[in-house]
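K.L.:
Under the UniProt record's numbering, read the sequence shown as residues 1 to 187, first letter to last.
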Amino acid sequence: MTGKRKSGMGFTIFVVVVLLIAVAVVINVTKSNGSEAGAGGGAALPIKGYQAPDFTLKTFDGQAVTLSQMKGKPVFLNFWASWCPPCQAETPDLVEMHKKYGDKIAFYGINLTQQDDQQKALDFIKNYKIDYPVLSDAEGKVSDLYRVQAIPTSVFIAPDGKIVELVQGLMTKQDMDRLFGELASAK
């Protein structure tokens with residue numbers, strides 16, 4: 001009987017330890033998924049409803065662009081690479097959306113230059129007649145900051161700097177029209 005008690009007690013201790021570890025993991029994940037985002041205590045995370053992480057990147061012709069300087073105007077960011085078929089598919093629609101909403105929304109393409117060839121990126125810009133600024137993320141810091149998991153990734157930012165939508169993957173033209181329309185009327 002004492003052997004059964006010991007093995008039962010050992011199992012109970014094992015279960016308690018596993019539960020404590022699970023609780024610690026849940027608490028840690030919850031904290032890292034945004035409790036400090038936008039609270040002023042740490043770097044903002046790219047989560048809908050939170051402040052968009054600030055960054056400075058240069059265009060391919062060397063002009064520096066800082067996101068926080070756009071505060072007061074809606075901003076659209078599109079992370080892409082020249083070799084990405086979904087990026088190739090959605091770019092003509094993005095160019096059209098820029099023509100339609102470019103006076104109300106600051107558009108920026110962000111080329112994942114650390115995963116792309118700069119000349120191929122420049123050729124892509126020329127071939128697709130991209131007429132909005134394209135920034136070079138040569139070191140991958142901004143794509144890391146925004147935790148880009150798939151490309152294209154599109155981020156819609158309200159005039160107050162908060163993320164209103166984050167889309168990973170190809171957007172349909174109808175989704176674009178709806179999202180750009182909502183962003184253009186955001187206050």
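Using N, Cα and C, we set each Cβ at its ideal position, and we do this for glycine too.
(1) Does the beta-carbon of M176 have 16 or more other beta-carbons within 10 angstroms, so that it is buried, or is it exposed?
(2) Once the 5 residues before and after G181 are set aside, which same chain residues still bring their CB inside 6 angstroms of it?
(3) Can you check the stretch 56–102 for any alpha helix (DSSP H) of at least 4 residues that lies completely inside it and give the ranges in chain order?
(4) Tell me the rounded alpha-carbon separation between R147 and L166.
(5) I'd like to know whether the C-beta atoms of V134 and I110 end up nearer to each other than 9 angstroms.
(6) Helix, strand or coil, according to DSSP, for T153 in the structure here?
(7) Could you say if the stretch 73–82 and the stretch 136–154 meet the contact criterion of at least three C-beta pairs nearer than 8 angstroms?
(8) Going along the chain, which residues of its own chain have a beta-carbon closer than 6 angstroms to the beta-carbon of G161, five neighbours each way excluded?
(9) Say yes only if the C-beta of Q115 is nearer than 8 angstroms to one or more non-hydrogen atoms of the ligand PLP, and no if none qualify.
(10) By Cβ distance below 6 angstroms, which residues in the same chain neighbour T91 in space, the five residues on each side in sequence not counted?
(11) So, under 8 angstroms CB-CB, K58 and A106 are touching, yes? Tell me the CB distance rounded to an integer number of Å.
(12) Given this structure, state the Cα-to-Cα distance separating P85 from T12, to the nearest angstrom.
(13) Are the Cβ atoms of S136 and F60 separated by less than 9 angstroms?
(14) Find out if the Cβ-Cβ distance for the pair G140, Q118 is shorter than 9 angstroms.
(15) Can you give me the Cβ contacts of M97 inside the same chain, cut-off strictly under 6 angstroms, excluding the 5 residues immediately before and after it?
P.N.:
In short, the structure shows the following:
(1) Locating residue 176 in the sequence shown gives position 176, counting from the first residue. Classification for M176: buried.
(2) Counting from one through the sequence shown, the residue named residue 181 turns up at place 181. Within its own chain, no residue has a Cβ closer than 6 angstroms to the Cβ of G181 once the five positions on either side in sequence are excluded.
(3) Taken in chain order, the complete alpha helix (DSSP H) segments of 4 or more residues contained in the stretch 56–102 are 85–101.
(4) Reading the sequence shown from its first residue, position 147 is the one you call residue 147. Reading the sequence shown from its first residue, position 166 is the one you call residue 166. Across the structure, R147 and L166 are spaced so that their CA atoms are roughly 11 angstroms apart.
(5) Taking the sequence shown and counting its residues from 1, one reaches residue 134 at position 134. Taking the sequence shown and counting its residues from 1, one reaches residue 110 at position 110. In contact: V134 and I110 (Cβ atoms closer than 9 angstroms).
(6) Against the sequence shown, residue 153 aligns to sequence position 153. Assigned with DSSP and collapsed to three states, T153 falls in strand.
(7) Because the criterion of three Cβ pairs below 8 angstroms is met, the stretch 73–82 and the stretch 136–154 touch.
(8) By 1-based counting over the sequence shown, the position of residue 161 is 161. Only residues of its own chain outside the window of five on either side were considered, and among them Q51, A52, K71 have a CB closer than 6 angstroms to the CB of G161, listed in chain order.
(9) The ligand content of the structure shown is nil, which means the ligand PLP is not present either.
(10) If you number the sequence shown from 1, residue 91 lands on position 91. Taking T91 as the centre and dropping the five residues before and after it, the same chain places the C-beta of Y128 closer than 6 angstroms to its C-beta, in chain order.
(11) In the sequence shown, counting from the first residue as 1, residue 58 sits at position 58. In the sequence shown, counting from the first residue as 1, residue 106 sits at position 106. With a contact defined as Cβ atoms closer than 8 angstroms, K58 and A106 miss out at about 16 angstroms.
(12) By 1-based counting over the sequence shown, the position of residue 85 is 85. By 1-based counting over the sequence shown, the position of residue 12 is 12. Straight-line Cα distance between these residues: approximately 53 angstroms.
(13) As a working mapping, residue 136 is identified with position 136 in the sequence shown. As a working mapping, residue 60 is identified with position 60 in the sequence shown. One thing to note: S136 has its Cβ within 9 angstroms of the Cβ of F60.
(14) On the sequence shown, residue 140 is found 140 positions in, with the first residue counted as 1. On the sequence shown, residue 118 is found 118 positions in, with the first residue counted as 1. Taking a C-beta distance under 9 angstroms as the contact criterion, G140 and Q118 do not qualify as a contact pair.
(15) Your numbering for residue 97 matches position 97 in the sequence shown. Setting aside the 5 residues that flank it on each side, M97 is surrounded in the same chain by M176, F180, each with a C-beta closer than 6 angstroms to its C-beta; the list follows chain order.
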